Amino acid sequence: MVAFEVPEVDYTRYTNRQLAAVPLAVLAIALLIIAGWYVATGVPVNPGLEFTGGAELRVAVDAPDGQAREQIQAAFDPAPESIRGVPSDNTYILTFQTEEVGVSALEEQARAAGFEVESSYTVSPSFGSRTQLLALGGVAFAFLGMSALVFLMFRTFVPSIAVVVSAFSDIVIPVALMNVLGIELTLGTVAALLMIIGYSVDSDILLNNHILRRSGGFYESTYRAMRTGVTMTLTSLAAMIVMTIVATLFGIQLLAAIGTVLVFGLTTDLLNTYMLNLSLLRWYKYEGVGN
Amino acid sequence: MGTIRENWRIILLIIVLVGSLFALFSPTMAEEGSDAADLASSGTTNLQYGLQLSGGTRIRAPLVGVTADGVEFGGDQAPAIEQAVAGELDGVTVADVIVRPTSQTGGTVEVTVDGVSPQDLGNALDASGYTYEETREGVTEQTRAQAVDILSNKINEAGLSGGTVQQIQTPTGENYILIEVPDENRQEVVDLVNQRGSVRVDAYYPTDDGYDQVTVLEQDDFQSIGNAQQGGEGQLPNVPVVVRESVAPEFQQEMVRTGVAGQGGSRCSYTSNPNGTDACLLLIVDGQVVNSFGMSPGLASGMRSGEWAQDPRFILQTQNFSGARQVAINLRAGALPAPLDIGPDGEGTSSFVSPSQGQQFRTDSLLTGIIAVFAVAGVVFVRYGEIEVALPMVVTALSEVVILLGFAAGIGYPLDLSVIAGFIAVIGTGVDDLIIIADEVMAEGDVNSRRVFQSRFKKAFWVIGAAAATTIIAMSPLAVLSLGDLQGFAIFTILGVVVGVLLTRPAYGDILRALLTRDT
Numbered sequence: 001m002v003a004f005e006v007p008e009v010d011y012t013r014y015t016n017r018q019l020a021a022v023p024l025a026v027l028a029i030a031l032l033i034i035a036g037w038y039v040a041t042g043v044p045v046n047p048g049l050e051f052t053g054g055a056e057l058r059v060a061v062d063a064p065d066g067q068a069r070e071q072i073q074a075a076f077d078p079a080p081e082s083i084r085g086v087p088s089d090n091t092y093i094l095t096f097q098t099e100e101v102g103v104s105a106l107e108e109q110a111r112a113a114g115f116e117v118e119s120s121y122t123v124s125p126s127f128g129s130r131t132q133l134l135a136l137g138g139v140a141f142a143f144l145g146m147s148a149l150v151f152l153m154f155r156t157f158v159p160s161i162a163v164v165v166s167a168f169s170d171i172v173i174p175v176a177l178m179n180v181l182g183i184e185l186t187l188g189t190v191a192a193l194l195m196i197i198g199y200s201v202d203s204d205i206l207l208n209n210h211i212l213r214r215s216g217g218f219y220e221s222t223y224r225a226m227r228t229g230v231t232m233t234l235t236s237l238a239a240m241i242v243m244t245i246v247a248t249l250f251g252i253q254l255l256a257a258i259g260t261v262l263v264f265g266l267t268t269d270l271l272n273t274y275m276l277n278l279s280l281l282r283w284y285k286y287e288g289v290g291n
Numbered sequence: 292m293g294t295i296r297e298n299w300r301i302i303l304l305i306i307v308l309v310g311s312l313f314a315l316f317s318p319t320m321a322e323e324g325s326d327a328a329d330l331a332s333s334g335t336t337n338l339q340y341g342l343q344l345s346g347g348t349r350i351r352a353p354l355v356g357v358t359a360d361g362v363e364f365g366g367d368q369a370p371a372i373e374q375a376v377a378g379e380l381d382g383v384t385v386a387d388v389i390v391r392p393t394s395q396t397g398g399t400v401e402v403t404v405d406g407v408s409p410q411d412l413g414n415a416l417d418a419s420g421y422t423y424e425e426t427r428e429g430v431t432e433q434t435r436a437q438a439v440d441i442l443s444n445k446i447n448e449a450g451l452s453g454g455t456v457q458q459i460q461t462p463t464g465e466n467y468i469l470i471e472v473p474d475e476n477r478q479e480v481v482d483l484v485n486q487r488g489s490v491r492v493d494a495y496y497p498t499d500d501g502y503d504q505v506t507v508l509e510q511d512d513f514q515s516i517g518n519a520q521q522g523g524e525g526q527l528p529n530v531p532v533v534v535r536e537s538v539a540p541e542f543q544q545e546m547v548r549t550g551v552a553g554q555g556g557s558r559c560s561y562t563s564n565p566n567g568t569d570a571c572l573l574l575i576v577d578g579q580v581v582n583s584f585g586m587s588p589g590l591a592s593g594m595r596s597g598e599w600a601q602d603p604r605f606i607l608q609t610q611n612f613s614g615a616r617q618v619a620i621n622l623r624a625g626a627l628p629a630p631l632d633i634g635p636d637g638e639g640t641s642s643f644v645s646p647s648q649g650q651q652f653r654t655d656s657l658l659t660g661i662i663a664v665f666a667v668a669g670v671v672f673v674r675y676g677e678i679e680v681a682l683p684m685v686v687t688a689l690s691e692v693v694i695l696l697g698f699a700a701g702i703g704y705p706l707d708l709s710v711i712a713g714f715i716a717v718i719g720t721g722v723d724d725l726i727i728i729a730d731e732v733m734a735e736g737d738v739n740s741r742r743v744f745q746s747r748f749k750k751a752f753w754v755i756g757a758a759a760a761t762t763i764i765a766m767s768p769l770a771v772l773s774l775g776d777l778q779g780f781a782i783f784t785i786l787g788v789v790v791g792v793l794l795t796r797p798a799y800g801d802i803l804r805a806l807l808t809r810d811t
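As they're listed, the protein sequences go chains C and L.
Position 266 (the first sequence) corresponds to 266 in the working numbering; numbering is contiguous.
Position 72 (the second sequence) corresponds to 363 in the working numbering; numbering is contiguous.
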């Protein structure tokens, strides 16, 4: 069996500024996208059905390729806001963001057109906005709780803030990517953002721990932490990529949403941990404490 | 002896695993569990599946209503207050006002109809001369409890087996009623729970100037309610009932007075000719006339002679059999004190998954999980290249999932997609931690003494503990907040982390030690 090795990066070739510049630039672009989105649409990221209210139907349509969408468009009044086909079976996921027509009426329209209703889901706008508030509060709480815990564990400012900034960036960049790629904020993506907090901190803590609390030179410790940390992230990444693909094929939206956002988050985490966090730590180790 | 003491973590893990497998597969456990958890369980395991994975309908909605607390009754009785308050509000009948005494002199007043704001209720109380402490959205605890009872009754009466009704409260203080019914069509459930289900019978009869209408039978006036009958032989579908002995004479008298029990009975043509019909009985459900009927000559003569009250049997006719069933269900379950706020502009949410879709999701999500595990295993094998390190890693991570599944089966927690996502997250964090252990232990050459192993293992555990703590913190809001679908995800991720840190990850350390320090 061929074992792959995490390549050793020669960090001495880059200055701290150079190292930090890349992730910080990406973070800045991400923040710009989110700010622009906020200015343009009034929300930092498009909320999905669960937060805006509306109805979602999953219908099985027995029609030849290409005609199904037309049939769906014709069958409903009001027409669905979005139609998404599920590759593994002949079903379509339709969303409606209307308050006038209840889901019962939509189900009837579907049956009248000869579609089979596989599932339906409806959320009222007021319930949705309350859920949104709870969800955002949850993310904020999780982030603050994590930050407090990190400060408690390391008890020094620079290494702690390095972890917190990396985690912040790990959340912000996927959110910006969601905007760019048109992925809506749903309960699944909120769950994924929370998981990013959990996952991304792992590799940061590992790196800090190796550099601050172990004997051995900076670069040696870094390489050891990287070997473990990169393996961890790659394993999770592999699992999430596969889960995203499979869940999308099967039309399991919750798992697909979690998977997609985690793939973004984990990739971002590689960047942030081994460039941003690392440069801050190196500055701290060589200049910050005066050795 | 020595080996047992050294490997107690592995032994403990095996014991817990066996326990979990027992909870998962033992038929004895299934029998116990089947009473408590009503959701569909699959054939071979004791796992319970939630609506997403078994099909069914879930409705979550608050009750409609506003409440005034601390109302001083000033010696008035409840009916008088109800009448006064209803009189002050447009479109509110006495049946929509509930007065509940909480002390000698006062209590709460609720109005359970859409479109009345707390402000309106306050004004109505002011106008009727009652003082109150405050008015608010929502209904009282008693009303909610009553609604839960009646909704459960309705679901049972309708023969929707395995349905559950419960109250849930969000951390922000909103109260919701959560109704879950496996397998049934969503519309059926909505129709059933959407009805207030107040049933009454009015007499509609000609007087000197036009027609008059008076309520002659109400929900509580029935001694017993029979099963809905198909009818046939010239008879409409109907519900046989027995009127209470205490009200039977009065009812009989009213029938004779209004002319429903006229000479030779009465022929009702209320629907076709409401201004020229004989006296009629109107069957009214939630304020809507669902049927009108007259009285047969035989029954009429029994009433006129006064014999009927000795054996006060009666039938409530309906237009069709499903109508008869609804009337029977409503009469038996009782009327909801407040309607559920569902519908296009309501506050609630509802979801429906067809059983076939649920079944499909079950297999698909299982497949997704298995494929994700293979992906993890693949990376781990390629990375370490040593089967001795990688295989126990994958096995250990999987054992965490087995333990969690056993736990879910043991307590009857219904598995949903979010729980499956939690399992996948657990495998992810689990393997991460095992990688940390493996790398740490195997760092810098061979592990040839137990002491070296122990010190390295301890170092690794600091990171694992720290990572676990952050994951638990990150997930705890979701576990507590009732964001519905994600609670299971958070609970099982946290449980997985706890099981991992306390049980499986230390055991993996022991396994690794046994494999790596074999010579010493």
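From the three backbone atoms N, C-alpha and C, an ideal C-beta is built for every residue, glycine too.
Predicted model, so just to flag it, every value in this text is computed and none were measured.
Determine the closest residue to residue i out of the options, with distance taken between C-alpha atoms.
i         : options                                    : result
Tyr467(L) : Tyr496(L), Gly429(L), Gln410(L), Asp499(L) : Gly429(L)
Gly578(L) : Asp503(L), Val670(L), Ser489(L), Phe542(L) : Ser489(L)
Ile633(L) : Gly53(C), Ile205(C), Glu116(C)             : Gly53(C)
Val534(L) : Gly676(L), Arg804(L), Val507(L)            : Val507(L)
Ala494(L) : Ala570(L), Asn611(L), Asp360(L)            : Ala570(L)
Gly398(L) : Glu425(L), Asp405(L), Val480(L)            : Glu425(L)
Asp367(L) : Glu379(L), Arg391(L), Val355(L)            : Arg391(L)
Please state whether DSSP places residue i in a helix, a strand or coil.
i         : result
Arg487(L) : coil
Glu287(C) : helix
Ile459(L) : strand
Val175(C) : helix
Ser560(L) : coil
Pro705(L) : coil
Phe364(L) : coil
Asp411(L) : helix
Pro23(C)  : helix
Asn16(C)  : helix
Phe157(C) : helix
Gly719(L) : helix
Asp493(L) : strand
Glu401(L) : strand
Gly382(L) : coil
Gly138(C) : helix
Gly356(L) : coil
Taking C-beta pairs closer than 7 Å, name the residues in chain L that residue i reaches, listed in chain order.
i         : result
Tyr121(C) : Ser642
Ser104(C) : Gln478, Val481
Thr273(C) : Those do not exist, as Thr273(C) stays about 13 Å from chain L at its closest Cβ, beyond 7 Å.
Arg84(C)  : Near Arg84(C) there are no residues of chain L at all, since even the closest Cβ is about 15 Å away, more than 7 Å.
Arg155(C) : What Arg155(C) touches in chain L: nothing, since even the nearest Cβ is about 13 Å away.
Count the other CB atoms, across all protein chains shown, that sit within 10 Å of the CB of residue i; report buried if there are 16 or more and exposed otherwise.
i         : result
Arg630(L) : Contrary to the premise, residue 630(L) reads as Pro rather than Arg in this sequence. Buried.
Ser166(C) : buried
Pro603(L) : buried
Thr189(C) : buried
Asn564(L) : exposed
Ala28(C)  : exposed
Gly697(L) : buried
Asn208(C) : buried
Asp62(C)  : exposed
So with CB distances below 7 Å, who are the chain D contacts of residue i?
i        : result
Thr52(C) : No chain D appears in this structure, whose protein chains are C and L.
Which chain C residues sit within Cβ distance under 7 Å of residue i?
i         : result
Leu708(L) : Ile252, Leu254, Leu255
Phe652(L) : Ile252
Val754(L) : Ile205, Leu206, Asn209
Report the neighbours of residue i on chain C: residues whose CB is nearer than 8 Å to its CB, in chain order.
i         : result
Gly637(L) : Ser124
*Can at least three beta-carbon pairs, one atom from the segment 345 to 361 of chain L and one from the segment 635 to 645 of chain L, be found at a separation below 8 Å?*
yes
*Pairing CB atoms from the segment 225 to 233 of chain C with CB atoms from the segment 194 to 203 of chain C, are three or more of them under 8 Å?*
yes
*At a cut of 8 Å, does the segment 375 to 394 of chain L reach the segment 469 to 486 of chain L through at least three beta carbon pairs?*
no
*Take every Cβ of the segment 38 to 58 of chain C, pair it with every Cβ of the segment 90 to 110 of chain C, and state whether three or more of those distances are shorter than 8 Å.*
yes
*Just checking, does the segment 19 to 36 of chain C make contact with the segment 72 to 81 of chain C on the three C-beta pairs under 8 Å criterion?*
no
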